[in-house]
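The numbering of the sequence shown is our numbering, which starts it at 2 and goes up by one.
Structure record follows, encoded as structure tokens.
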Amino acid sequence: AGARALPTIMLARRPRPTPRLSPQCTFRRWLAKKKKGGNRGTKGGGGKGGDAARTKGGEGTPGQFVARLEHVHKVLPGGRVLFNDVSLGLLSGAKVGILGPNGAGKSSLLRLLAGTDSEHEGNVWRAPSLRVGMLEQEPQLDESRCVLDNVLDGVSDARNALDRFEAVSALIEAGGGGGGGGGGGGEARPLESLSLEELLGEQAAAGDAVEALDCWNLRLEARTAMEALRCPPGEAMPAVLSGGQRRRVALCRLLLSKPELLLLDEP
């Protein structure tokens, strides 16, 4: 008997649903928006000129170095030579991966670039005022404070400014401080000892500081970043976290600090 022809089955194509942004994508867009404008005045052609000169594929901007090692030599205790006449340069905007077996010196190289290791010969240069952030393999957290407080350590200046504004505002709402005399010699006085008029002045100054740092929504932004990185709950304590969760918390803290040179040791 001849072969039987198989029936043809037509499948109707279902309409494609509208894509929803993942928390990670939302965080990246938020972080890019926060950084926008801050890079326009960078040395060596920021703004449109710098963008036009930037190459594709994470290769960086030609000629615009942010860090360099020149003829670096490092010997470990015991006499083992780890680096011998190493020279390299990192370009602005570049994405660089360091590969090697255990013990090859990957972490030591990152610490040299970060400036946390000074036991070497040769020259290590970083661009003036360059903000460097490094995620260690085993990052340190404050065990006595919750996850959210550890994350906010990455923006401590903004957190302190916002905390002061909120503390002053709470005293004003309660009817003012004691107003009972102050410390002499230019010493800072406790907020509770200030009069209502003095508290209003402190509130205005604190508000200006918060405005300058653009941190009115600091805690919301921190929680948004934590959600995007799938961090544990903000009220959790570090003692109950796994190693991976601790690294997520440390990475979130690091990203909120907005380093210009980000070094990740086995992320």
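Beta carbons are placed, not taken as given, at the ideal position from N, Cα and C, and that holds for glycine.
Grouping DSSP H, G and I as helix and E and B as strand, with all else coil, what is residue i?
i           : result
residue 108 : helix
residue 116 : coil
residue 151 : helix
residue 98  : coil
residue 146 : coil
residue 254 : helix
residue 172 : helix
residue 162 : helix
residue 246 : helix
Tell me residue i's beta-bridge partners as DSSP assigns them.
i           : result
residue 85  : None; residue 85 has no bridge partner.
residue 74  : 122
residue 135 : 264
residue 127 : 68
residue 90  : 69
If I follow the unbroken beta strand (DSSP E) through residue i, where does it start and stop?
i           : result
residue 227 : Element bounds for residue 227: not the beta strand (DSSP E) but the alpha helix (DSSP H), 219-229.
Is it buried or exposed for residue i, if we count other Cβ within 10 angstroms and need 16 for buried?
i           : result
residue 75  : buried
residue 63  : exposed
residue 205 : exposed
residue 244 : exposed
residue 301 : There is no way to answer for residue 301, as the model of the chain reaches only from 2 to 268.
residue 78  : exposed
residue 115 : buried
residue 211 : buried
For the alpha helix (DSSP H) that residue i lies in, which residues bound it at each end?
i           : result
residue 232 : Where residue 232 is concerned, there is no enclosing alpha helix (DSSP H), given that its DSSP letter is neither H nor E.
residue 276 : Because residue 276 is not part of the residues shown, which for the chain are 2 to 268, the question remains open.
Using 8 Å as the Cβ pair cut-off and three pairs as the minimum, do the stretch 209-229 and the stretch 126-143 touch? no
Three-pair Cβ contact test at 8 Å for the stretch 104-112 versus the stretch 80-96: yes
Contact between the stretch 138-151 and the stretch 245-257: three or more CB pairs below 8 Å? yes
Does the structure place the stretch 162-169 close enough to the stretch 200-215 that three or more beta carbon pairs sit under 8 Å? yes
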